[in-house]
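In the working numbering, the protein residues as written are 389 to 471.
As structure tokens, then:
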């Protein structure tokens, strides 16, 4: 949740499409009334994965690939970082 928010969507609920939290799991709450995104997790792992996610962002931009926050390219590099 943190990495797509930092690199793509921001931390405002208005930036997230309807049904987004159901697509990625129920670990976040999108509070549209207060325009906030709430998560039950801390940002620790996101800090460790950030260089790998950033590499996915760079690769996607260089090769004009899909810029969906949870696309294969980003998750591929996160898996390398988590391996």
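Don't be surprised by glycine CBs; every beta carbon is placed ideally from N, CA and C.
Going by DSSP, which residues form a beta bridge with residue 424?
Taking the chain shown and counting its residues from 1, one reaches residue 424 at position 36. Partner(s): 419.
Of the choices 407, 465, 431, 434, whose alpha-carbon is the least far from that of residue 445?
Here residue 445 is taken as the residue at index 57 of the chain shown, counted from 1. Minimum Cα distance to residue 445 is reached at 465.
Can you tell me where the alpha helix (DSSP H) with residue 400 in it begins and where it stops?
Your numbering for residue 400 matches position 12 in the chain shown. Here residue 400 belongs to no alpha helix (DSSP H), and DSSP marks it neither H nor E.
Would you report the Cα separation of residue 467 and residue 458, rounded to the nearest angstrom?
For this step, residue 467 is matched to residue 79 along the chain shown. For this step, residue 458 is matched to residue 70 along the chain shown. In a straight line, the C-alpha of residue 467 is about 12 Å away from that of residue 458.
Tell me whether residue 440 is buried or exposed, calling it buried when 16 or more other Cβ atoms sit within 10 Å of its Cβ.
Position 52 of the chain shown, counted from the start, is the residue given in the question as residue 440. With 16 or more other Cβ atoms within 10 Å, it is buried.
Going by Cα to Cα distance, which pick from 412, 399, 413 is closest to residue 419?
The residue labelled residue 419 in the question sits at position 31 within the chain shown. The option with the nearest alpha carbon to residue 419 is 399.
Using the C-alpha atoms, what's the distance from residue 450 back to residue 412?
Mapped onto the chain shown, residue 412 falls at position 24. Mapped onto the chain shown, residue 450 falls at position 62. About 26 Å.
According to the neighbour-count rule (16 or more other Cβ atoms, all chains shown, within 10 Å of its Cβ), is residue 391 buried or exposed?
Taking the chain shown and counting its residues from 1, one reaches residue 391 at position 3. When all chains shown are included, residue 391 counts as buried.
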